[in-house]
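Worksheet: the structure to be examined is printed underneath.
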Amino acid sequence: MRINVTVNGIAYEKDVLENKTLLRFLREDLGLTGTKEGCGAGECGACTVFFDGKTVNSCMVLAVEANEGTVETIEGESTGGMLSALQEAFDRHHAVQCGFCTAGMIMSARELIHHTPHPTVEQIQEGLEGNFCRCTGYEQIIEAILDVTGGYTAKEELIHV
Amino acid sequence: MYENNDPSTLAYVGKSVLRKDTNEKLTGTATYVSDMVLPGMLYAQVKKSPHARARIVKVDTSKAKALAGVRAVLVGDDLDYRIGLYIVDKNILAKGEVRHYGEAVAAVAATSLEIARKAVDLIDVEYEVMQPVLNHMDALKADAVLVHPDLGSYEFIEAAFTPVPKTNIANWTKLRKGDVEAGFAEAAYVVEREYDNPSVQHVPMETHVAIVKWGARDKITIWSSAQSPFTVRNLFCHTFALPLGNVRVIVPAVGGGFGGKAGIHLEPLVACLSQKAGGLPVKLQASREEEFSLLPCRSALTYRIKTGVAQDGKIIAQKMEMFWDAGAYADYAVNVTRASGYSASGPYEIPNAWVDAYTVYTNKPYGTAYRGFGHVEFHWGIERHMELVARTIGMDPLEFRRRNTLHPGSITLTGEKITSHTGDVVACMEAVARSIGYGKLTAAEKNRELVTGRKIGKGIALLQKAPAMPSNTATAAVIKMNSDGSVTVNIGLTEIGQGSTTALAQIVAERLGFDIGNVHVMVDKDTDSDPYDWQTVASKGLIMSGNACILACEDLLRKGYAVASHVLKACVEDLAHDGDNVYVRHDTENCIPWKHIAIGYAYPDGKGIGGPLIGVGSYIAQGLSNLDKQTGQGKPALDWTFGAHGIICEVDPVTGEYAVRKVASAFDVGKVVNPSLLRGQIVGGMIQGLGTATCEGYIYDDAGHLLNPSFTDNKIPTARDLPMEIETIVVENSQIDGPYGARGVAEHPMISVAPALGNAIQSAVDADLAHMPIRFEDVWRAMHDKHPIDNWITKTPAGSCRSDPAARIHTPDAAISP
Amino acid sequence: MIHQFSYTAPTELTDLLTLLETAGSGAKLLAGGTDLLVNIRNGLVKPSTVVDVKRIPEAHAIMSDNTKGLRIGWAVTINDILKNSEIASSYQLLQTCAHDLASYQVRNRATVVGNIVNASPCSDMAPALLCLDASIEIASSKAYRTVPVRQFFTGVKRTILEPDEMVIGITIPIQSKGTKGKYRKLKRIQGHDLGIIGVAVAQVGDHLRIGVSSAAPTPVATGALPLDISESEAIAAVDALISPISDVRCTKEYRRFMVSEFTRRLLAEVRS
């Protein structure tokens, strides 16, 4: 089926098989490999993208459903080579280790901040519930989001005895 | 390589320098093997066994071969290679017999993933299903089914391992120190119990993936999401009888490893498919379900501990029996057994010790390296046991630990002497105990109990680990100066998210005295151009590669000074440098910029001297020795890292539901190189430890089918599963031979979280748990004295999940030995 | 996915119903996809046609009025429920249950109708709908009918729907407006998980209802119970409805115990 979809502001017209997921369409047909597959079953959130303004697990969306729709991925987060405030905060707070969850995590973080501009720690935790990270233990990711939303209080990283 | 640096003089070591590899990861431009597509690349899929044990009667691949787009189909009988890190016991594809649920029986490479999947569906396998042996204690019985009847004929590393042919014992590690029977006879109390852990999965966010191209004249290129490119090359060449020069292993960004990617996994199979397909590159990426059963997991463990204690609470003797359920193949499990064997008692002094640690084959997905290398598993037993012993003799658990922990002058299980710079476990213990207010409840906590109806409990647990590695483990670093005076650093250590790229850049920048912006540590690994590193495991990266980097810096400076002394017409001894220039100390205007000598210096008249400045450093573990196979004595440990966790939990005394309110974690790290990176490792490891403690574990039915091969029922911690409060504490007793005094701490944060939680829950509601994970239902059953359920093999077949029950249960009265 | 299918996205309900009639069981309706696509991926379901139901505007409507109550269209997502202020003020139990369903990304796609059509015994929305006495509007190209939600589930993942029928709406009657209710779902972790058991206790007008998920082949609920029912009688009423099983998540003993315990506690909370 022929689909027209706008991704990160660029309009694409492509032929795609009906059974292809939006995730694989982005990665394979458009070469946007920033979004990752972690489970293919809508559990881990590594494939999170914005679809028509809402975050979704793109492994659970068919590419054909995105016909006439808009998608935003991690590749659209920075502009003109400049990292967004959220990306900068992730960097500052060491919220990235292996990086495989990062794209999905940033998409979910952006969505959270959009509908809850000053989230509490608990709200951040709920907002990121659908994005697994095996490396960081989430704490520094939460701090990055608190920082970019004005809720972060700096404290000593390590207690020395 | 410890220089007694005043911290105020350090420019980078000790600072939270930002990671050097985030730009790509933040923007989605880092390349993982998962993202790679090569010209002409084929996609592989695997046919997997639905049975735990079966004879392969017939495999019909005719329909698969006939499918358009299929370029290669392989079955076990097509391949005559065997693999094994320590015991060569595995075929690339099952041959004649399948030994575990999910084992690869056939494989296909095709022009698209869909065609490959269809082809796999078209392969018909006829099995004769056989009775599997699933429980490791059953596997030890005399009449047990043998997983490897030919164990006696397998090649294996004799110096380290002892398989027992005609049994399911892949390895038997022994340690004998002193006289345990005499010790028990002398003891005032003898306490014995058994503890259990199930298998769990690493769950790296990027599943295992490899691309292999078997080129002309057997020149092979492997791209793999791997922790150990040199091990992949080495084992690959050994398996296929190829010279090392034929094989190139490339590792770009890796989406997590945790030990699961430490060895060799998909690469040989993918290589065979490429060869069969005429040399086209072939890619195989495991699905998440395959990650759980085709790829290996962490061995399960039953740990039986018997401790003899004197009246004053000092441990006199301890007998430790470990039964490791390694699944169908030995892989790393035999070494996990060995490494756990020599560390088996935890950080305590045991004058008379006896360890028998067995690696047992069963018909289940097999165990490989996993963060902690056995230590997460056996510390559950040890730290729950120390608690039991303390209670039995009526002593406060903290005081009991103080009396028995290792301290300077103590002798370890293997006969090694602890010194003042080995590390201080007591300092860690006291720090976490203070942090959680161990031993009492505050007024606010008591009030909270009244308000919520939940009981608050506090527990601590200690830990120790040294790198489990060959005694001659070595690594190297190459530092090349670029023509602008910056340096490029090549090391074989892999960046798997732990931050080695950044920490090593800090060490290089520090030692060279260069601006860290001018130090580029390469992320991508290439065995053709990187210097050798054994493996990125064992928490040895910082200490060993750090030292190698320091040596390489010194070499580079020496070479640079040699050229500069000619140019400046000064003695080498009179020279000094900064990030931009080499200069004469007493005549600083007489100087030469690094960039002018970086790739060879030209005199004003045009004559050239010097050449490209390249510093090389090699570092080998010093003074280690093999362990005596009978006594387990020797010096296996490069460095010991000690630590402790303290946990405050809150338990519903009716339902068994609980929440973790606080975790305080302390480690003696020697020297903090990067506080933010360190906290990332501590919190990340601690949360992974909480996962293994609370909700992770493989569940099988009585035919050996894995019942939870996906995230639906194999849960891991999410952002909502954090303790309310986390405290990360460091002690810094310098490791004299560590870079700037640092020692490793990558695995340690995961160890002993589970028993700290078990101890806390017991303190709250007197639920005495001996098996993991600790689910709400387990707490409920323990509180109400209900029969504990065999969580991990449901509907048990003949034989029990636990060994002789009499060895398991000891009330304080029964514990006193006549 | 391996399995190939054709895809169509009708823009009128009549076209959708005609499609259902002609394609019969070869067609599967695609709303949020969070169940269907998982099932296709796992090879459990192999439709010849996937019919996207989301391109019909009325599918997304949430309508509320003072005579008919609340009506939820067939493509209304869980997050749509959570963001609706009328539901927040008047039918809050729906939000209480919706809140615990999967993760935020899944809630952006999963639909209320999809949740009940999937008819998992673990359905998060079912206890709320049972307590609120919802009606399920069913349409085919030939007829419309309405059934009470308590008749909708007929077995594990089975409903009363015929192959040519679809659910086009869920109605909560005006009598259920203002229902006070609580829901607790037992999970293995704090993060998103299927329910091990789920209990909803609601005070609807002058009576109580208790709904339970994950403890029987279908979600179940008591009938109207007197407001002043004793704790033990309420627990007995619930206990009589459930037939929990042991599975990889839990044993039946713990399930039964926790259903009773949650009932006891939620009853106290609702009545306080």
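Chains as they are written, first to last, in this note's numbering: chain A, 101 to 261; chain B, 7 to 824; chain C, 3 to 274. Don't be surprised by glycine CBs; every beta carbon is placed ideally from N, CA and C.
{"Query": "Between which two residues does the alpha helix (DSSP H) holding E222/A run?", "Result": "V221 to G227"}
{"Query": "Check whether the region 130-146 of chain B touches the region 54-72 of chain B, counting contact only when three or more Cβ pairs, one atom from each stretch, lie closer than 8 Å.", "Result": "yes"}
{"Query": "Along the alpha helix (DSSP H) that carries P618/B, what are the first and last residues, could you check?", "Result": "First-last for P618/B: G614 to P618, but that is the beta strand (DSSP E), not the alpha helix (DSSP H)."}
{"Query": "Report yes or no: do three or more beta-carbon pairs, one from the region 232-246 of chain B and one from the region 397-411 of chain B, lie closer than 8 Å?", "Result": "no"}
{"Query": "What are the residues of the region 171-202 of chain A that lie near chain B, defined by any Cβ-Cβ distance shorter than 8 Å?", "Result": "T173, I174, E175, E177, S178, L183, Q187, F190, D191, R192, H193, H194, V196, Q197, C198, G199, F200, C201 and T202"}
{"Query": "DSSP state of E422/B, grouped into three classes?", "Result": "coil"}
{"Query": "Check each residue of the region 98-114 of chain C: if its Cβ is closer than 9 Å to any Cβ of chain B, include it; give the result in chain order.", "Result": "S105"}
{"Query": "Please return the same chain residues whose Cβ sits closer than 7 Å to the Cβ of L130/A, not counting the five positions on each side in sequence.", "Result": "V107 and Y112"}
{"Query": "Hey, how far is the Cα of Y538/B from the Cα of I497/B?", "Result": "7 Å"}
{"Query": "DSSP puts C147/A in a beta bridge; with which residues?", "Result": "According to DSSP, C147/A bridges with nothing at all."}
{"Query": "Taking beta-carbon pairs under 8 Å, can you tell me which members of the region 689-719 of chain B lie near chain C?", "Result": "T700, C701, I705, L713, N714, T718 and D719"}
{"Query": "Compare the C-beta of R781/B with all C-beta atoms of chain C and state if any pair is closer than 9 Å.", "Result": "yes"}
{"Query": "Give the list of continuous beta strand (DSSP E) stretches no shorter than 3 residues that lie fully inside the region 218-245 of chain B.", "Result": "226-230"}
{"Query": "Confirm, please, whether the CB-CB distance from K225/B to V253/B is below 9 Å.", "Result": "yes"}
{"Query": "Could one say the Cβ of D663/B lies closer than 9 Å to chain C's Cβ atoms, at least one of them?", "Result": "Asp is not the amino acid found at residue 663/B; the sequence shown has Glu there. Output row for E663/B: interface = yes."}
{"Query": "Provide the residue span of the beta strand (DSSP E) that contains V395/B, from first to last.", "Result": "V395/B -> not in any beta strand (DSSP E); alpha helix (DSSP H) instead, spanning H381 to T398."}
{"Query": "Looking at the unbroken beta strand (DSSP E) that takes in R211/C, where does it start and where does it end?", "Result": "H209 to S215"}
{"Query": "A141/A versus chain D: which residues are under 9 Å apart at the beta carbon?", "Result": "The structure shown contains no chain D; the protein chains it does contain are A, B and C."}
{"Query": "Taking one C-beta from the region 782-792 of chain B and one from the region 3-21 of chain C each time, how about it: are there three or more such pairs within less than 8 Å?", "Result": "no"}
{"Query": "Might you give, ordered along the chain, the residues of its own chain that have their beta carbon closer than 8 Å to the beta carbon of S2/C, omitting 5 neighbours on each side?", "Result": "Since the first residue shown for chain C is 3 and the last is 274, residue 2/C is missing from the structure and cannot be characterised."}
{"Query": "Per DSSP, K486/B forms a beta bridge with which residues?", "Result": "T494/B and I620/B"}
{"Query": "Below 8 Å, how does it come out for the region 676-687 of chain B and the region 207-226 of chain A: are there three or more Cβ pairs, yes or no?", "Result": "no"}
{"Query": "Starting from the beta carbon of K154/A, find every residue of chain C whose beta carbon is closer than 9 Å, and list them in chain order.", "Result": "T79, N81, Q107, N110 and R111"}
{"Query": "Along chain A, which residues have their Cβ under 7 Å away from the Cβ of G193/C?", "Result": "E229"}
{"Query": "Should F164/A and D54/C be called a contact, given that it needs their Cβ atoms to be closer than 9 Å?", "Result": "The sequence shown places Val at residue 164/A, rather than the Phe named in the question. Cβ distance < 9 Å, so V164/A and D54/C count as in contact."}
{"Query": "Run through the region 172-250 of chain C for me and flag every whole alpha helix (DSSP H) of 4 or more residues, listed as ranges in chain order.", "Result": "233-243"}
{"Query": "On the three-state DSSP scale, how would you describe N203/B?", "Result": "strand"}
{"Query": "Where S22/B and L728/B are concerned, what is the direct C-alpha to C-alpha distance, given to the nearest angstrom?", "Result": "23 Å"}
{"Query": "Going by other Cβ atoms of all chains shown within 10 Å of its Cβ, with 16 needed for buried, is L644/B buried or exposed?", "Result": "buried"}
{"Query": "Report yes or no: do the region 64-78 of chain B and the region 258-272 of chain B share at least 3 C-beta pairs separated by less than 8 Å?", "Result": "no"}
{"Query": "The alpha helix (DSSP H) that contains N29/B, what's its start and end?", "Result": "T28 to T33"}
{"Query": "How would you write the range of the beta strand (DSSP E) that Q512/B sits in, first residue to last?", "Result": "Where Q512/B is concerned, there is no enclosing beta strand (DSSP E), although the alpha helix (DSSP H) it sits in stretches over S506 to L518."}
{"Query": "For A222/B, which residues of its own chain have a beta-carbon under 8 Å away from its beta-carbon, when the five flanking residues on both sides are left out?", "Result": "G285"}
{"Query": "Could you say which of A121/C, G171/C and C99/C lies nearest to I162/C if we only look at CA atoms?", "Result": "A121/C"}
{"Query": "I need the DSSP call for L728/B, collapsed to helix, strand or coil.", "Result": "coil"}
{"Query": "Apart from the five residues just before and just after I735/B, which ones in its own chain have a Cβ nearer than 8 Å to its Cβ?", "Result": "C434, A437, V438, S441, A670, S671, A672 and F673"}
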